[in-house]
Amino acid sequence: MRMFCIGFIKKRANQVKRTCYGQSSQIRPIRCKMREIMVNQAQSCDLNELVQKFIPESIGREIEKATSSIYLLQNVFIRKVKILKAPKFDISKLTE
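Residue numbers (the numbering used here): 1 to 96.
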């Protein structure tokens, strides 16, 4: 499974410009932390539980909290999920 995450840098209180960019020294650890959280979430639960976490965007909120020490982010979402290899389904589990 491959997950794609997007997050936007929050404007500072005294900022005049509408756009806000982070420096690469801040973006690299943010991406690393995003990847680490997504891998942990994907490995800790099965497919049905993971899909249930996508709906309330709980993974995005967890990423926001974890990266707040590096740089403030807003609107962090899992924007796309690709299934690389289809899992083998047990029919009795699907009917539950």
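Think of the CB as a built atom: it goes at the ideal place given N, C-alpha and C, for glycine as much as any other residue.
Please read all numbers here as calculations on a predicted model, not as lab measurements.
Problem set entry | I63 in three-state terms, based on DSSP | Stepping through the sequence shown from its first residue, residue 63 is reached at position 63. Three-state DSSP puts I63 in a helix.
Exercise. Apart from the five residues just before and just after E64, which ones in its own chain have a Cβ nearer than 8 Å to its Cβ?
Worked result: Within the sequence shown, the letter at position 64 stands for residue 64. Within the same chain, E64 has close Cβ partners G7, L73, Q74 and V76.
For this session: Compute the Euclidean distance between the alpha carbons of R79 and C5, then round it to the nearest angstrom.
Result: Working through the sequence shown from its first residue, we reach residue 79 at position 79. Working through the sequence shown from its first residue, we reach residue 5 at position 5. C-alpha separation (whole angstroms): 6 Å.
Exercise. What are the boundary residues of the beta strand (DSSP E) that R2 is part of?
Worked result: The sequence position of residue 2 within the sequence shown is 2, counting from 1. Looking at the DSSP string, the run of the beta strand (DSSP E) that includes R2 is R2 to I9.
For this session: With distances taken Cα to Cα, identify the nearest neighbour of M3 among S68, R31, Y21 and Y71.
Result: Mapped onto the sequence shown, residue 3 falls at position 3. Minimum Cα distance to M3 is reached at R31.
For this session: Using three-state DSSP, classify K88 as helix, strand or coil.
Result: For the purposes of this step, residue 88 is taken as the residue at position 88 of the sequence shown. Coil.
For this session: Please name the residue in M1, I27 and N14 whose C-alpha comes closest to that of S68.
Result: The count along the sequence shown starts at 1 and reaches residue 68 at position 68. With distances taken between Cα atoms, S68 lies closest to I27.
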